[in-house]
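Enquirer:
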Amino acid sequence: MRPGVAFSRFFLVFCLFVMPCAASTAEDSPHDTYEALNSLRVNPAAVYEITAADRIELRRGDGHFTFDLGKLAFFAPYKGQVTGVVFSGRGHVVAAPRDPVEKQQMARFLGAPVLDEAFSDLYLRFTDDTAAELLRELGSAGVQPIQDTEFAVRWDPIAAQVNPPQSLRILFAMESAHTQPFFYAAVEGNTRGPFDIAVDPDRFEAALIGQPKRVGAENFYDVWASYPLPGQPASRRRFTALDYEINTSVLADTSLDAKADIRMRAEAGGERTIGFQLARALAVESVAGQHGEPLTFFQNEGMNLQDRLSRGTDYLFVILPDAPEKGSEFTLHFRYRGRVIENAGNGVLFVDARESWYPHFGATADFANYDLTIRWPKKLKLVATGIKRSETEDGDLRVGHWQSEKPVSVAGFNLGDYMSTSVAFDASSVDVYANRQLERSLDGQLESHALQAPRILTPLSPEGHTGANVMAMSPPPPRPADALKGLAREIEESIRFYENLSGPFPFQKLSVSQIPGTFGQGWPGLLYLSTFSYLPAEAQLRAGLSVSGQEHFSELVPFHEVAHQWWGNIVGWDSYRDQWIDEAMANYLALLFADTQKHTGDHSLRMWLTRYRDNLVAKIPETDETFSDIGALDLGTRLNSSKSPLGFDQVIYSKGAWVMHMLREELRQPNAKNPDERFNTLLHTLVTKYSYRALSTQDLQHEVEAVMTKSMDLEGGHSMEWFFDQWVRGTGIPAYRVDFKVSSTEKGFLVRGKLFQDNVARSFLAPVPLYAGSTAGHSTYLGTVVASGPETPFHFISKTDPHKIIIDPQMTLLCVTQ
Ligand SMILES: [Zn+2]
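Sequential numbering of the sequence shown, starting at 691, is according to my numbering.
(1) For residue 990, does the three-state DSSP call read helix, strand or coil?
(2) Which value, in whole angstroms, describes the spacing of the CA atoms of residue 815 and residue 1198?
(3) Look up residue 912 in the DSSP assignment and say whether it is helix, strand or coil.
(4) Along the chain, which unbroken stretches of the beta strand (DSSP E) at least 3 residues long are found entirely within the region 778-865?
(5) Helix or strand or just coil, what does DSSP make of residue 1284?
(6) Rounded to the nearest angstrom, what separates residue 1227 and residue 725 at their Cα positions?
(7) Between residue 1273 and ligand 1, is the CB less than 6 angstroms from at least one heavy atom?
(8) Hey, would you say residue 1196 sits closer than 7 angstroms to residue 1271, going by beta carbons?
(9) Would the region 932-941 count as touching the region 905-921 if we require 3 or more Cβ pairs under 8 angstroms?
(10) Which residues does DSSP list as the beta-bridge partners of residue 1497?
(11) Between residue 1401 and the rest of its own chain, which residues show a CB-CB distance below 8 angstroms, the 5 nearest in sequence each way excluded?
(12) Verify the contact flag: residue 1284, CB atom, against every heavy atom of ligand 3, threshold strictly below 6 angstroms.
(13) What does DSSP give as the partner residue(s) for residue 1374 in the beta ladder?
(14) Any heavy atom of ligand 1 closer than 6 angstroms to the Cβ of residue 1114?
(15) By the three-class DSSP mapping on this structure, what secondary structure does residue 901 have?
(16) Would you say residue 1276 touches ligand 1, meaning its beta carbon is less than 6 angstroms from a heavy atom?
(17) Can you list, in chain order, the residues of its chain with a C-beta nearer than 7 angstroms to that of residue 1454? Leave out the 5 residues immediately preceding and following it.
(18) Report the three-state DSSP secondary structure of residue 1506 (helix, strand or coil).
(19) Tell me where the alpha helix (DSSP H) around residue 1185 begins and ends.
(20) Among 1328, 1384, 1013 and 888, whose alpha-carbon lies nearest the alpha-carbon of residue 960?
(21) Using beta-carbon positions only, say whether residue 1420 and residue 1449 come within less than 7 angstroms of one another.
(22) Under a CB-based cut-off of 7 angstroms, is residue 1108 close to chain B?
(23) How far does the beta strand (DSSP E) with residue 965 in it reach, from first residue to last?
(24) Give the single residue among 1445, 843, 955 and 758 whose Cα lies nearest to the Cα of residue 1018.
(25) Give the secondary structure of residue 1109 by DSSP, where H, G and I count as helix, E and B as strand, and everything else as coil.
(26) Taking all protein chains shown into account, decide if residue 759 is buried (16 or more other Cβ within 10 angstroms of its Cβ) or exposed.
(27) Report the rounded CA-to-CA distance for residue 1406 versus residue 1210, giving the unit in angstroms.
(28) Should residue 1336 go down as buried or exposed, given a rule of 16 or more other Cβ atoms within 10 Å for buried?
(29) Please say whether residue 763 and residue 737 have beta carbons closer to each other than 7 angstroms?
(30) Helix, strand or coil for residue 1343 per DSSP?
(31) Note down the Cα distance separating residue 1035 from residue 1476, rounded to an integer number of angstroms.
(32) Check residue 1444 in the structure and name its three-state DSSP category.
(33) Between 1102, 1077, 999 and 892, which has its C-alpha nearest residue 973's C-alpha?
(34) Within 10 angstroms of the Cβ of residue 807, are there 16 or more other Cβ atoms? Answer buried if so, exposed if not.
(35) Assign residue 1176 to one of two classes, buried (16 or more other C-beta atoms within 10 Å of its C-beta) or exposed (fewer than that).
(36) With distances taken between CB atoms, is the gap from residue 929 to residue 964 smaller than 7 angstroms?
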């Protein structure tokens, strides 16, 4: 295979790298070094022909490469250091992660828990001793270098295309005093196509095996495995952001012209490079240091706007001239402009790059102060996070000034031709904003449905209506603004409900703004809610939502986002492994709130839990998988892959809510004055102890252990490890059935039987409550059997003759019963 074609699809997982950095005394500017590294090509005098008799090998992390037959060549050195190797021919790679969660993912993507693949082409870049090691191997096999210009030239276009992100990574390594060597392999697999193997200690998890995949118009990155290597030091924070001062103008064409000043602190000495998130649609004009001195930065190097939008990254890297000392503070000044506000038609605007419309530093648990000054066209309304200090008019523009009242991990705004309403509560208020018109896509959909609507709604209508008559009978188009009052009241009610569970509402104001699309986001004091959440049920159905979709947008989405005010905006998360906690909690609390709403009829906690369970165990259409099997909760966004584009939503919201529900049920003390006291204590502890910082899965387990009851200690040792292993780090939902016999004794009816557990590992433990069902349809609690293994025997004495045994009728356990 000619590598030129195969490698064109290589996508390098640069965005997954956590950037290192540190002091350097390089004479060249960072841009010079980058250009030099980028222009490195295969050295035609360093080509080695490997025959079947030679066995050349390389081990990196859990990966084992063998080069059986073909040509291996080294890049030309940069300042004496060789940073690249290529190979074409017949090679083989084997990689076998040991972690059970990673094995499960490997098996899911590869059909086996190991990667075992022959390859035709290989591109390596590294700062470790790969070159020296390979040279030694070649030397001991007696392979001598040959001059092969044709082979070298064949790799030129590939190197030109694949080098840039790796060159940047090597540059950062060269600039850093502390960085550990990294290794990256782009492999052209014979059966699996192109995939990546990386060993980079500066990543959150050093080892990565994965593959870019395109399905239809969507690009995915399928992570086959990602895990820390033994001995890898915990990733340390190099810098933190303390204050953001952002000054931006929304111009008449809705593009942004912005300035951001970020006060930072060096948490580790000797680091020079800082990575920021910034939407690729925004072009940085300048970055300046403390005293206005221009700083070197890298943003989608060498790409024009078209390239940037199609294959750029949303990252910006700034290189400081000197490494600040540990603990020292300094300010960076950014100027940038571009288009991050989208127009959805009919005057509906929305901010598309909500996380990256400013150079945003760090993870979600980076809490900082924000000061926003925004100018925008006078005819629009604009809402933003923080307390509004002022709003004035300046010619055709309005100028607003907002400051965060508490440290927040993100700031944002939204704008439109809004109508609004406000509901006051205590010292706070809920302000809901809606567009006057529907976005064009929905408008069109509703109109086309309206044309057919009368035939469905009025079956007695005579045939042969003219179009005009049909139109006259169509219901008027819904206006999002009609929902304002009702939505504001419900949101205010949910805040009061959550205050009982999670403590006082953390902000002075909650602004609720509309966004086209099918999702919501809950930011500090600012919600982005899908238009669907603003529509009446009838219009939601006409717009194409299913009944369950309609209920989801009306009953859960707004209140899920409100719950994020505590879970996400006070209690943060740091790594993708822990993101499930805030999502699961926000969704479970939304279910509890929905359960209190009378107008929802039977749309109670039970109904949602049933729906979620059924969805988790049902086959995903056109696949042989179920959402309960695709991956563990702690895989977070990795659940979204080419195999399951909606995996995150489907698993995290439903199974996550179930996990919170099971914890609540297990902590429940039915005879206590407040049966939920332990669960409530847990929630309050989490919100107070982890306020304005990250809560990890480990922390959560620890806090559950602090309130756990005796009956939760299934393994002994006062540990909830079993629960978190099975439900958070594991997959699968158990299925149960019972066999039993009843005999009459002096004490009552003796019920003897067996509980059968299926669909999960033999070691799976679960407390399964059994109830005796009478012919009259009543059920009485018999007792709880701790299922362990495929068969667990039990016996009970019952006062009544159990007509049948009902497994967990109160829905305390995520399981299916047969
Ligand atoms: Zn959420």
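For glycine and all other residues, C-beta sits at the position ideal for the given N, C-alpha and C.
Expert: Considering the structure as presented:
(1) Residue 990 falls in the coil class under three-state DSSP.
(2) Whole-angstrom Cα-Cα distance: 52 angstroms.
(3) Strand at residue 912.
(4) Taking only runs of at least 3 residues, the beta strand (DSSP E) segments lying wholly in the region 778-865 are 805-816.
(5) Reduced to three states, the DSSP call for residue 1284 is helix.
(6) So the alpha carbons of these two residues sit roughly 58 angstroms apart.
(7) Correct: residue 1273 has its Cβ closer than 6 angstroms to ligand 1.
(8) No, the Cβ-Cβ distance between residue 1196 and residue 1271 is not below 7 angstroms.
(9) Cβ pair count under 8 angstroms is below three, so no.
(10) As DSSP reads the structure, residue 1497 sits in a beta bridge with 1460.
(11) Contacts found: 1356, 1457 and 1474.
(12) The ligand content of the structure shown is limited to ligand 1, which means ligand 3 is not among them.
(13) Bridge partners of residue 1374: none, in fact.
(14) Every heavy atom of ligand 1 is 6 angstroms or more from the Cβ of residue 1114, so no.
(15) Residue 901 falls in the strand class under three-state DSSP.
(16) For residue 1276, the distance from the CB to the nearest heavy atom of ligand 1 is below 6 angstroms.
(17) These residues qualify, in order along the chain: 1416, 1424 and 1447.
(18) The answer is strand: DSSP assigns residue 1506 an E or B state.
(19) Here the alpha helix (DSSP H) through residue 1185 covers 1174-1192.
(20) The option with the nearest alpha carbon to residue 960 is 1013.
(21) No, they are not a contact pair.
(22) The chain inventory of the structure shown lacks chain B, comprising one protein chain alone.
(23) Taken as a continuous stretch (DSSP letters only), the beta strand (DSSP E) holding residue 965 covers 963-967.
(24) When only C-alpha atoms are compared, the closest one is 955.
(25) In the structure shown, residue 1109 adopts extended strand secondary structure according to DSSP, grouped into three states.
(26) Looking at its Cβ environment, which holds fewer than 16 other Cβ atoms inside 10 Å, residue 759 is exposed.
(27) Residue 1406 and residue 1210 have their alpha carbons spaced roughly 42 angstroms apart.
(28) With a threshold of 16 other beta carbon atoms within 10 Å, residue 1336 falls short and is exposed.
(29) The answer is yes: Cβ separation under 7 angstroms.
(30) Secondary structure at residue 1343: helix, using DSSP grouped into helix, strand and coil.
(31) Straight-line Cα distance between these residues: approximately 57 angstroms.
(32) In the three-state reduction of the DSSP assignment, residue 1444 falls in the strand class, which pools E and B.
(33) Ranking 1102, 1077, 999 and 892 by Cα distance to residue 973 puts 999 first.
(34) With 16 or more other Cβ atoms from the protein chains shown falling within 10 Å of its own Cβ, residue 807 counts as buried.
(35) With fewer than 16 other Cβ atoms from the protein chains shown falling within 10 Å of its own Cβ, residue 1176 counts as exposed.
(36) Yes, Cβ-Cβ distance for residue 929 and residue 964 is below 7 angstroms.
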